[in-house]
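Engineer: Protein chains in written order, with the working numbering: chain A, 812 to 1166; chain B, 812 to 1166; chain C, 812 to 1166; chain D, 812 to 1166. Encoded as structure tokens, here's the structure I'll be asking about.
Number of protein chains: 4
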Amino acid sequence: MSDTVQTAVVGVTGYAGAELARLLLRHPRLKGKPPVFAGRVDERDAARGGVPLAEIHPELVDSTGHGLLKQEPFSWDLLASRGVEVLFLATPHEQSREWVPEALRRGLRIIDLSGAWRLTEAANRAVYAFEDADAELAAATQLQAVYGMPELHRARIAAARLVANPGCYATSVILALKPLVAAGLVDLSQGIVADAKSGVSGAGKSPTAKTHYMYAADNLSAYGAFTHRHTGELLEQIGLGANEITFTPHLLPIPRGILSTVYVRFHEPQTREGVAKIYHKFFQGSPMVRFYDKSLPQIQHVARTCYADLGFQLSPDGRRAVIVSCLDNLLKGASGQAVQNLNVIFGWGESEGLE
Amino acid sequence: MSDTVQTAVVGVTGYAGAELARLLLRHPRLKGKPPVFAGRVDERDAARGGVPLAEIHPELVDSTGHGLLKQEPFSWDLLASRGVEVLFLATPHEQSREWVPEALRRGLRIIDLSGAWRLTEAANRAVYAFEDADAELAAATQLQAVYGMPELHRARIAAARLVANPGCYATSVILALKPLVAAGLVDLSQGIVADAKSGVSGAGKSPTAKTHYMYAADNLSAYGAFTHRHTGELLEQIGLGANEITFTPHLLPIPRGILSTVYVRFHEPQTREGVAKIYHKFFQGSPMVRFYDKSLPQIQHVARTCYADLGFQLSPDGRRAVIVSCLDNLLKGASGQAVQNLNVIFGWGESEGLE
Amino acid sequence: MSDTVQTAVVGVTGYAGAELARLLLRHPRLKGKPPVFAGRVDERDAARGGVPLAEIHPELVDSTGHGLLKQEPFSWDLLASRGVEVLFLATPHEQSREWVPEALRRGLRIIDLSGAWRLTEAANRAVYAFEDADAELAAATQLQAVYGMPELHRARIAAARLVANPGCYATSVILALKPLVAAGLVDLSQGIVADAKSGVSGAGKSPTAKTHYMYAADNLSAYGAFTHRHTGELLEQIGLGANEITFTPHLLPIPRGILSTVYVRFHEPQTREGVAKIYHKFFQGSPMVRFYDKSLPQIQHVARTCYADLGFQLSPDGRRAVIVSCLDNLLKGASGQAVQNLNVIFGWGESEGLE
Amino acid sequence: MSDTVQTAVVGVTGYAGAELARLLLRHPRLKGKPPVFAGRVDERDAARGGVPLAEIHPELVDSTGHGLLKQEPFSWDLLASRGVEVLFLATPHEQSREWVPEALRRGLRIIDLSGAWRLTEAANRAVYAFEDADAELAAATQLQAVYGMPELHRARIAAARLVANPGCYATSVILALKPLVAAGLVDLSQGIVADAKSGVSGAGKSPTAKTHYMYAADNLSAYGAFTHRHTGELLEQIGLGANEITFTPHLLPIPRGILSTVYVRFHEPQTREGVAKIYHKFFQGSPMVRFYDKSLPQIQHVARTCYADLGFQLSPDGRRAVIVSCLDNLLKGASGQAVQNLNVIFGWGESEGLE
């Protein structure tokens, strides 16, 4: 495929958008081809051609002049006039749900970071309460969507027009469980537990009572037990029944990073070597997953990287395992995975621009 | 019983010792009767009668003059000469294991904050690798020990000569599970999961690689899966087989507080009201446990208090529950519970000096 | 004077209000006489007699039943019917400016935690841009206000009807400087520098971009150089000209606490003993100030206490000093000082209920 | 000059060493030419050829195989056999003091990150208490050392055999002050104040009481007033007398970053534009300094970057300024500046590999 491509990003103002901008601006295949940044821009700013990145994310300013790039007023014409081929949406779910059909109609490839198109089953999607103006079109669009986790769907992503980039918690838990469940080791009748903890950037940039420093700091809180929106992704991607996994997210007093502690019980006693072998085989050829043979991963080693780190501990009798899965929620849990999908689509090295 | 008592504290230099000092110094029954602080004191300090609390814990200095109290060189004679009746040991496990028999011989009541005497079963105790000089004496002493959790053993504590104050993690998990397991609701064959997270003070005051700010801050790490020393307390106090619970502790980037997320599966579907009723009944008359009817507890509401907070969420089908249990590891998880035991022993209000 | 008093608190929902509630509820002189909590309450809550403290500040719930107390809909009649004599206002500046004249008319004593009445000079007050409906009444009221720092104005506070409780930063800097400036040591022509750092609770409870965890954590930022509203308090209380002090506040990534580093140059070389003597003398009889003879104070030793801690370092030639002043911005910097003022007014021990 | 070079790093195990490794491994001029890592290695590890970077810094592991590189047992022969031309020393001061003369003798260029060779004046160096085995050789070596701040000494660095990489605090304060002092604006007789705050990584990797999480977190402490070792660098590089600046460092509860707030008084009133112009001119052609025209810099925007950020605020009368200077203590304050010096020496783009 082609050696480079013109991208566009909608939603650069948020945390994931900032990381996406950073990754795309320094991607070796996109040198001299910065993304078009587009979004809602007020009148005064529109008059000056948009808002300079330097004002949105001062940390993007460097001697290369990237800070001078602007978030311009979004329009389909803008994208067309710039020759955009790939559109990244770091937008609210509802907006992605609305825009994607039109983007497909205009021949764009889309990598959508929202939850809009991740779920195949209507029952699982209910939690989002989408109100599709054209239900038929939405259904047809949904059929085109590929769940954007290269470790599971590399070939389908390469051919996809619409990539539904996975949720951060979901990525972390699916990577931990899929290899063992797919290998038939896990006794699903006994129930899996996924206890996940995320840094505050996962809660978004809007100031709320829960993102106030005084609430988050020196604290830990559980939320969304049995109800979190990422649950559907776990069920569909791992292949589980609704009662076969209990997933509880927690809000950690750190800026970024997710650690999921996943508990499984096996049909038969396992050895450490046997379980490790399954992971090694599953992630062979997957450069963004690092498997720890001797210790358990920690958030400090994945924060600000695009990797997912995995490790596990076996019970003395070999019948239970605790799997620890870590990633940066804004990178492998969002923008890093989005760029990984870009690499897959264009047949570039899967880890290009991600290390 | 008597209206006041002379106490002594060994180990005031550590984090739990500091909290113990603070609680005893302001306890309404001990007004004008400060504890005797005793411990290892070097020669130079011994010459000036010990080390002023003001130098050990500047935060204890106030206008009452408590900062002038000293940690004096420990000797049994010192305790005797001061008329000490109750001895708090905030000492390493090995030291408690060695000193307690002698303390009992001298007629002292002991509240031991270490892990030395908590475990009845030799198999569970193996993890400590105690080397008792006199195995027979140790065994006889062990028989006198009462596990110091008033919510479970109030009557026995009142009569005890030796109270083995529970571990911080153990307190948190036992309070969450005991009511439901005792009521026969929990299907033990499916396995319980206790995912616990603790602040850094739980790792002790010695500077180590793991307590370095750069290791702990902005991080989360799991440790001791299947091997943590508090596991034995869970098995004995809740009444579980070794394979019926999986317990994984984590190191949180906060100074103090534990949150345990506990996962159970029930024999039969339950209602929210039914489960709540069991907790309410179990903790009736237990002032240091606060049960949340409408939300889940968080660390911020227990930090620096002597309470344990409990709440739970039920799965839609009523067959699973996530129980959240919070406490301050240095208070209800250590020194607060120690003083609660003192109150129980002397028949004082169980929450006196703890609010 | 009387042995107890009926108080009321307006503004219990904020951080300072919560601390004020906590202090008053456990004050030994106010046992069995909890404050009346009054404020804006919506209709639905008014119908149930107000909002239980347990819902506003879960951490105030304990076995004494304090959590059952309610914030009731404010009215002057409510205060009258409950026999309120002392009114604490933890309200926005504008509201205090409006309410205080009426409260005085009704014979209440007021301890106002806002900035409404702290400044005598109109020029210094300009920064607040008060719009007084009745300028004459405001001027007359201002004349009655006493700046509520007992270490400076103990006698006048005892007799005051209106106590203007000092700003947190101002308290910290004034305590550091007043003794040395009053003693005539400081060369004002060379300019004093006060570099102050405060925890996030100082920025208030409303979620804003600056109180978002992602902004405050792992960060430090300066703000308000040459323009901060507490500057006027420094000038008036220390007795400085506008160009004689440069004050710069910073936002620290901690929940609470202020540390001010204050730099002075002396007319003549000083000795450590000489300077220390001035501080000792100035704060003799001031139980809420702790002076460090051998080291510099730190935030960790004042956080959650009502003390202000002071220490200093002299340059080798004795001509310059760095003074470090620490306090908890919500306690000695707000509610602790407010209760200290209550103690002074009623002739109780100045530190009662504050240790 | 040449297009690439073989480097070596002694001291990769520390924080600055880790950053240095990261920068050199991804430097565009050093592709395929990883540094030789050398240091003290115990016997068992020597037997396996050294310690893999993956074990020292797990975060350096990526799909490029860098984690497989080893820290090998140091010897001069090792460096020679690998054709090392440039030696980075991230070693204790004493070790640098001892090794540098020998390294120079062997024809190596040295970039020394320690404090060993930064100070020209013996009086300023006294604080290090070096015990040079050969005082004459040390003196001769000292004469060859160039203070490694390209913004001040670009030309001399380009020609230097021994670059003394500046201290982190010193870099931050010198960049803020040098332009204004050099322009003759600052009234030195009135005294400059530099109030600096650093994250915990500045205190090194060894676990100590002060780097314990419980000490550093939720705290702020001042230390080293009038005595800090970086003071000499300020005096020599800015050109100040010992009494003309008061420098106080503080320990911030964050992992990395320094913010210095610097206070000056001018001979004559200045305008904002005039002062800004001086900074712009001074840093023209200095890509690693970012000057803020409209706001004050913050730590969050320099952390994990190689930039130093500068901004200032003028007093209303134009006679005083508060200058805020931020950088990452491990990057522009250490390893970033070291690589910047490498770029200068070889005539490469000064910001190559640093963005």
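Built from N, CA and C at the ideal position, the CB exists for glycine as well.
Check Arg1076/B in the structure and name its three-state DSSP category.
Structural biologist: The answer is strand: DSSP assigns Arg1076/B an E or B state.
Engineer: Determine which residues of the segment 852 to 874 of chain B have a Cβ less than 8 Å from any Cβ of chain C, and write them out in chain order.
Structural biologist: Within the segment 852 to 874 of chain B, the qualifying residues are Pro869, Glu870, Val872, Asp873 and Ser874.
Engineer: Find the nearest neighbour of Met1025/A within the set Leu991/C, Ala1033/C, Asp1029/C and Gly1015/C, judged by alpha-carbon distance.
Structural biologist: That would be Gly1015/C, whose Cα lies nearest to the Cα of Met1025/A.
Engineer: Listed in chain order, which residues of the segment 1019 to 1040 of chain B have Cβ atoms closer than 9 Å to some Cβ of chain C?
Structural biologist: Per Cβ criterion, the list reads Ala1028 and Asp1029.
Engineer: What residues from chain D crowd round Asp1006/C, counting only those whose CB sits closer than 7 Å?
Structural biologist: Those within 7 Å of Asp1006/C in chain D are Asp1006 and Thr1072.
Engineer: Taking the straight line between their C-alpha atoms, what separation do you get for Leu963/D and Gly1144/D?
Structural biologist: Their Cα atoms are separated by approximately 15 Å.
Engineer: What are the boundary residues of the alpha helix (DSSP H) that His1061/C is part of?
Structural biologist: Where His1061/C is concerned, there is no enclosing alpha helix (DSSP H), although the beta strand (DSSP E) it sits in stretches over Ile1056 to Leu1062.
Engineer: Under the three-state reduction of DSSP, which class applies to Arg1169/A: helix, strand or coil?
Structural biologist: Because chain A is modelled from 812 through 1166, residue 1169/A falls outside the range shown and cannot be assessed.
Engineer: Checking contacts by CB at 7 Å: is Glu1126/B closer than that to chain A?
Structural biologist: Contrary to the premise, residue 1126/B reads as Ser rather than Glu in this sequence. Yes - at least one Cβ of chain A is within 7 Å of the one on Ser1126/B.
Engineer: Can you list the residues of chain C that Val1011/A reaches, using a CB-CB cut of under 9 Å?
Structural biologist: His1023, Tyr1024, Met1025 and Ala1028, listed in chain order.
Engineer: Going by DSSP, what residue range makes up the alpha helix (DSSP H) through Cys979/A?
Structural biologist: Element bounds for Cys979/A: Cys979 to Ala993.
Engineer: Taking DSSP as the reference, what is the three-state secondary structure of Ser1162/C?
Structural biologist: Note: Ser1162/C maps to coil in three-state DSSP.
Engineer: Using a Cβ cut-off of 7 Å, which residues of the segment 1131 to 1146 of chain C contact any Cβ in chain D, in chain order?
Structural biologist: Those would be Arg1131, Val1133 and Val1135, in chain order.
Engineer: Are the segment 1146 to 1154 of chain C and the segment 817 to 825 of chain D touching, with three or more C-beta to C-beta distances below 8 Å?
Structural biologist: Not touching, per the Cβ criterion.
Engineer: Could you check whether Ser1126/B and Phe1037/A sit closer than 7 Å to each other, using their CB atoms as the reference points?
Structural biologist: Yes, Cβ-Cβ distance for Phe1037/A and Ser1126/B is below 7 Å.
Engineer: Compare the C-beta of Ile1049/B with all C-beta atoms of chain A and state if any pair is closer than 7 Å.
Structural biologist: No, no contact with chain A.
Engineer: Could you list which residues in chain B have their beta carbon closer than 9 Å to that of Glu962/C, in chain order?
Structural biologist: Within 9 Å Cβ-Cβ: nothing; Glu962/C doesn't reach chain B, min ~14 Å.
Engineer: With C-beta atoms as the reference, is Ala849/D less than 7 Å away from Phe899/D?
Structural biologist: Cβ atoms of Ala849/D and Phe899/D: not closer than 7 Å.
Engineer: Return the residue from the list Trp1159/D, Ser1136/D, Asp1029/D and His1039/D that minimises the CA-CA distance to Gly926/D.
Structural biologist: The shortest Cα separation from Gly926/D among Trp1159/D, Ser1136/D, Asp1029/D and His1039/D belongs to His1039/D.
Engineer: Does Pro1066/D come within less than 7 Å of chain B when only Cβ atoms are used?
Structural biologist: Yes, Pro1066/D counts as interfacial toward chain B.
Engineer: Do you know offhand how far Arg972/C's Cα is from Leu1070/D's?
Structural biologist: The alpha-carbon atoms of Arg972/C and Leu1070/D are separated by roughly 44 Å.
Engineer: Would you say His838/A reaches chain D, if we count a Cβ-Cβ gap shorter than 7 Å as a contact?
Structural biologist: No, no contact with chain D.
Engineer: Between Leu1063/D and Cys1117/D, which are expected to be in contact by the criterion C-beta below 8 Å, what is the C-beta distance as a whole number of angstroms?
Structural biologist: About 20 Å separates the two Cβ atoms, so there is no contact after all.
Engineer: When you compare only the Cα positions, how much space is there between Pro1080/D and Ala993/D?
Structural biologist: Taking the straight line joining both Cα atoms gives about 17 Å.
Engineer: To the nearest angstrom, report how far apart Leu919/D and Ala969/D are at their CA atoms.
Structural biologist: Taking the straight line from one Cα to the other gives about 15 Å.
Engineer: Taking a contact to mean a Cβ-Cβ separation below 7 Å, would you say Leu1045/D touches Val984/D in this structure?
Structural biologist: Cβ atoms of Leu1045/D and Val984/D: closer than 7 Å.
Engineer: Hey, is the segment 992 to 1008 of chain C in contact with the segment 932 to 952 of chain C, meaning 3+ C-beta pairs nearer than 8 Å?
Structural biologist: Because the criterion of three Cβ pairs below 8 Å is not met, the segment 992 to 1008 of chain C and the segment 932 to 952 of chain C do not touch.
Engineer: Within 10 angstroms of the Cβ of Glu1084/D, are there 16 or more other Cβ atoms? Answer buried if so, exposed if not.
Structural biologist: Looking at its Cβ environment, which holds fewer than 16 other Cβ atoms inside 10 Å, Glu1084/D is exposed.
Engineer: State yes or no: is the C-beta of Lys881/A within less than 7 Å of the C-beta of Pro869/A?
Structural biologist: No. Outside cutoff.
Engineer: Taking C-beta pairs closer than 8 Å, name the residues in chain C that Leu1169/D reaches, listed in chain order.
Structural biologist: With chain D running from 812 to 1166 in the structure shown, residue 1169/D is simply not present.
Engineer: Which of helix, strand or coil does DSSP assign to Tyr939/C?
Structural biologist: Note: Tyr939/C maps to helix in three-state DSSP.
Engineer: On the CB-based measure, 16 or more other CB atoms within 10 Å of its CB, does Arg855/A come out buried or exposed?
Structural biologist: Exposed, since its Cβ has fewer than 16 Cβ neighbours within 10 Å.
Engineer: Count the other C-beta atoms from every protein chain shown that fall within 10 angstroms of the C-beta of Leu954/A, then say buried if there are 16 or more, exposed otherwise.
Structural biologist: So Leu954/A counts as exposed.
Engineer: Do we get a CB-CB distance below 7 Å when we pair Arg1083/C with the residues of chain D?
Structural biologist: No - not a single Cβ of chain D is within 7 Å of the one on Arg1083/C.
Engineer: Suppose you measure from the CA of Lys1088/C to the CA of Phe1102/C; what does that come to, to the nearest Å?
Structural biologist: Between Lys1088/C and Phe1102/C, the C-alpha separation is close to 11 Å.
Engineer: Cβ of Arg916/B less than 7 Å from any chain A Cβ?
Structural biologist: Taking Cβ atoms only, chain A never reaches closer than 7 Å to Arg916/B, which makes this a no.
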